[in-house]
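Asker: Take a look at the following structure, please.
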Amino acid sequence: MAAAVERIVVQATAQDKRIIAAKAKKLDIPVSELMRRGAFAYESSESDAELGALADAAKGAADRAGAAIDDALSFIQASNNRIAAMEAKAAKASARRTA
Numbered sequence: 002m003a004a005a006v007e008r009i010v011v012q013a014t015a016q017d018k019r020i021i022a023a024k025a026k027k028l029d030i031p032v033s034e035l036m037r038r039g040a041f042a043y044e045s046s047e048s049d050a051e052l053g054a055l056a057d058a059a060k061g062a063a064d065r066a067g068a069a070i071d072d073a074l075s076f077i078q079a080s081n082n083r084i085a086a087m088e089a090k091a092a093k094a095s096a097r098r099t100a
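Following my numbering, the numbering of the sequence shown begins with 2 at its first residue and continues without gaps.
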């Protein structure tokens, strides 16, 4: 085994530490070797599915936000059109009164 050149600190509860140490003792390997083996062996198929679900949720949220922005812009444009029509009507009425 190559000499250790780096240290990784893993935080655990006292109970987790006892369980890990007991498992290492049962396997007759140091805790560090157990942790290395566990880290290298770990592959979560759930994480890929979870990331996919998260990406889908983010896309859905972005689509809903885009639709909400489009709706807001349409509402603002309609409001601006109504204001312009009212201003034009008021300008005509004002012009008639001054004429």
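C-beta: ideal position from N, C-alpha, C; glycine also. Remember, it's a predicted structure, so these values are computed and weren't measured experimentally.
If we ignore side chains and look at the alpha-carbon of each, how far apart do LYS27 and LEU52 end up?
Answerer: Their backbone Cα atoms lie some 36 Å apart in a straight line.
Asker: Assuming contact is defined by CB atoms lying nearer than 8 Å, are MET36 and VAL11 in contact in what I supplied?
Answerer: yes
Asker: At what residues does the alpha helix (DSSP H) containing ILE20 begin and finish?
Answerer: 15–28
Asker: If you reduce the DSSP assignment to three classes, tell me which class ARG37 lands in.
Answerer: Of the three classes helix, strand and coil, the one that applies to ARG37 here is helix, per DSSP.
Asker: Out of SER46, ALA13, ALA50 and SER48, point me to the one whose CA is closest to VAL32's CA.
Answerer: ALA13
Asker: Roughly how many angstroms separate the alpha carbons of ALA4 and GLN16, rounded to a whole number?
Answerer: 29 Å
Asker: Kindly indicate which three-state DSSP category ALA1 falls into: helix, strand or coil?
Answerer: Coverage of the chain is limited to positions 2 through 100, which leaves residue 1 absent and any answer about it impossible.
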